[in-house]
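Protein chains in written order, with our numbering: chain A, 234 to 536; chain B, 17 to 388.
C-beta atoms are modelled at their ideal positions from N, C-alpha and C, and glycine is treated no differently.
As structure tokens, the structure follows; a few thoughts come after it.
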Amino acid sequence: MIVETPHAAHAVRSHEPWRSRAVVVGLVGPAVVYILALLAPALAILLVNSVYHFTGTAVQPILTFEAYHRFFADPYYGNVITQEIRLAVVTTALCVVIGYPTAYAIAKIRRPVWVITAYILIFSPLLTSTIVRAYGWVIILARRGLVNWLLAQLHVTTGPVLLVYNITGVTIALVHVLLPFTVFPILSVLLRLDPALREAAADLGANRLQAFLRVTWPLSFPGLYAAAQLTFVLAMNAYVTPQLLGGGRVQVLPLLIYQNISDLNWPLAAVEAIALIALVWGIILSSNLLFRRSIAIAEGRSG
Amino acid sequence: MAVPAGREVRVHPAVELRHVTKWFGKVQAVRGVTLQIEGNEFFSLLGPSGCGKTTILRMVGGFERPTEGEVFLQGHRVNDIPPYRRDTNLIFQHLALFPHLDVFDNIAFGLRMRRLDRETIRQKVSRALELVDLAGLDSRRIHQLSGGQRQRVAIARALVNEPAVLLLDEPLGSLDLRLRMQMQIELKEIQHRVGTTFIYVTHDQAEALTMSDRIAVMRDGQVEQVGTGRDVYERPRTRFVATFLGDSNLFEGRITAMDGDRVQVQTADLTVVAPAQPGVAPGATVSLCVRPERMRALHAVGAAAGAEQYENTSAVRVCNVTFKGSVIEYRLATASGHPLMMQAHSDGSPIFSQDEALTVGWRKDDCVVLMG
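Structure follows, in structure tokens:
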């Protein structure tokens, strides 16, 4: 028996000579420099401002932790964070629940005309400004809006349902805004799946559901996961939608940051910004740890 | 004599296709194919790409539905049976191993679908791993395997289910030549050991000849000829089969005389004696095929020895000599310029050189009269 060495292509990929590593650095470099050049000073300014003193009308460069103290001592901020996380989690969950079947269906379309139609439908929200869309939703969801009119016509409800200027309205609009960002990563993973894998599962006795659960689902999980992370981050940082559809009744950190900056309270705004960054990073990193194994397995690396 | 009802023993072919036709939109991939494949047979579908061989395989596996005609597995009509309820397993062209599962779980996939208990699964998988010489690699991931090892995992994953028919869709295509030849021998041995019907799709005539009990040569969605490797190579029925399997010297001419078991064919510049064949009468236009290795160099012009036993001879000039190790290939031309090929063994006898004049001869029975 001939002794075979492990697959050559794989060996080449993991032990690249230095030259191709230089190419990679060269290609990634500009983006990294650009991001770091903007991000690092911005973060520095944030950190510096967060430890300054606010007199009530102006910022004084005196070292103090009073902004931090206020942020962590006042239960108001805890409530805002809880509400924001709940909003982002519910939005992400809805996006995934709607987005995965959508992506799955689009990936199955054969006729090019229908593929393009589906793409346009899914990505059309991105072609309109968020503000226009938000006002659109206000009109649709308002007390005398389209939805309430329909519900009344169909005698489903007696009085108007409050769908706007509360967390429900914000969630509905956010799902609409963010759905393309959920569909796309899932779709790209599903399109890359070799159709022969599903056929192989069928050949080995798996019916459609079993083939999905044992092959398509685990292999598309990385896409789903990336989609969920992206959606979550965008939902956490959403500003326009909570502002316009929340009508002041839905408070999230981006809104507070803006308000404090308007009030010239830069230290508090800086602390809130730092809290938002830490929160998003913390959740992303801890979920990465949690799902590390299933992602690695799905990508064909050892778990 | 009457056979009591219910005691009739009828052995059905493992696979049977009756007048099977497949259309993909406006393209007809398979045109009225009828085939019978017996149990324990290593059967190859051989043909150029696009000849419909893979479509036939996929119809047997249940991945395509025949537009017309019927497919039977062991006597049961399976046109409407989905792949997951058929007693067949397919080894895909690119193997389609599950990248998220290790070797063990890949092979166990089919057994788990059948809800066998853990211990049975463990035993069957380890036997399958031994069969394909991969014992001990259970927990490897697919990307950690070499091309040949992946091949074997695919074979084990299919055979562990003990299918009635194993379908193979050019599974060796991506291997380098040496490994490929080794796997050909191994596949043949495995087939011998497990005694399952193998249907093997390939466009490589050498591969088909190496492995198959019988070969169906396909062209444009139709079967041109079915037979053992020796049959189709030595007795090709059509011009296509003669040229697709190996090299051929083709002559076209008219039958001028017929005498018992022999006919005389007049080509542009030669008179060739060929075996008579039913349905071939004087005046008919026919094609003749002579394999290059049946051509013999009788002597260089001037000498004369052993020419008597060859019914056919021709004076030729050497146009090109290719030394291929165990054989030497000559491209020759007759006086009028008709090209001929001759293959000689490297047996130590002198090698002719370019532009040398010589006489080649071949026997009557080296000629095959082609039908189409």
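Taking one beta carbon from each stretch, the region 139 to 152 of chain B and the region 404 to 420 of chain A have fewer than 3 pairs nearer than 8 Å; the two do not touch. Residue nearest to TYR368/A within the set TYR352/A, ALA439/A, THR474/A is THR474/A (criterion: CA-CA distance). Residue-level contact check: ILE530/A touches chain B, since one or more beta carbons of chain B fall below 8 Å from its beta carbon.
For CYS67/B, no alpha helix (DSSP H) segment is defined, and its DSSP state is neither H nor E. By the criterion of at least three beta-carbon pairs nearer than 8 Å, the region 219 to 228 of chain B is in contact with the region 242 to 252 of chain B. Cβ-Cβ separation between LEU33/B and LEU61/B: approximately 11 Å, too far for a contact (criterion under 8 Å).
In the three-state DSSP reduction, GLY515/A falls in the helix class (H, G or I). Counting only runs of 4+ residues, the alpha helix (DSSP H) found wholly inside the region 104 to 154 of chain B occupies 119 to 129, 134 to 147, in chain order.
Secondary structure note for LEU183/B: its beta strand (DSSP E) is the uninterrupted segment 181 to 185.
Annotation for HIS302/A: no beta strand (DSSP E) segment contains it, though the alpha helix (DSSP H) segment containing it runs 299 to 306.
The criterion of a C-beta distance shorter than 8 Å is not satisfied by TRP378/B and ARG278/B. VAL43/B is the residue among VAL306/B, VAL43/B, ALA313/B, ARG130/B whose C-alpha sits nearest the C-alpha of ASP236/B. As summarised for the region 432 to 463 of chain A, there are no continuous beta strand (DSSP E) elements at least 3 residues long confined to that stretch. When 7 Å is used as the limit between beta carbons, HIS116/B is near these residues of chain A: PRO451, LEU452, ILE530, ALA531, GLY533, in chain order. Residue-level contact check: VAL346/A does not touch chain B, since none of the beta carbons of chain B fall below 8 Å from its beta carbon. Taking a beta-carbon distance threshold of 8 Å, VAL422/A does not count as an interface residue toward chain B. Interface annotation for the region 121 to 145 of chain B against chain A: PHE125, GLY126, MET129, ARG130, criterion Cβ-Cβ distance under 8 Å. Among the CB atoms of chain A, one or more fall inside 8 Å of the CB of ASN177/B.
For the C-beta of LEU269/A, not a single chain B residue is nearer than 7 Å; the gap to the nearest is close to 33 Å.
In this model, LEU184/B and GLU327/B are separated by some 44 Å (Cα to Cα). Looking at the backbone, the Cα of ARG312/B and that of GLN282/B are separated by about 21 Å. DSSP places PRO418/A outside any beta strand (DSSP E); the residue lies instead in the alpha helix (DSSP H), whose first and last residues are 400 to 425.
Using a Cβ-Cβ cut-off of 8 Å, PRO99/B is close to GLU432, ALA435, ASP436 of chain A, given in chain order.
Runs of the alpha helix (DSSP H) spanning 4 or more residues and lying entirely within the region 226 to 313 of chain B occur at 245 to 250, 255 to 260, in chain order. When secondary structure is reduced to three states using DSSP, GLU32/B falls in the strand class. In the DSSP annotation of this structure, the continuous segment of the alpha helix (DSSP H) that includes GLN200/B starts and ends at 193 to 210. The Cβ atoms of LEU420/A and ILE517/A do not sit closer than 8 Å to each other. Neighbours of ALA439/A across chain B, judged by C-beta separation under 7 Å: TYR100, MET129. By the neighbour-count criterion, in which 16 or more other beta carbons inside 10 Å mark a residue as buried, ASN105/B falls on the buried side. Here the region 281 to 296 of chain A makes contact with the region 499 to 515 of chain A; the two share three or more CB pairs at distances below 8 Å.
Beta-bridge partners assigned by DSSP to SER330/B: VAL376/B. With a cut-off of 8 Å on Cβ pairs, the region 263 to 274 of chain B is not in contact with the region 78 to 93 of chain B, counting fewer than three such pairs. For VAL348/A, the enclosing alpha helix (DSSP H) begins and ends at 345 to 356. The C-alpha of LEU452/A is placed about 9 Å away from the C-alpha of SER527/A.
For the region 298 to 327 of chain A, the set of positions with a beta-carbon nearer than 8 Å to some beta-carbon of chain B is empty. Our two residues, THR449/A and ALA336/A, have alpha carbons roughly 12 Å apart in a direct line.
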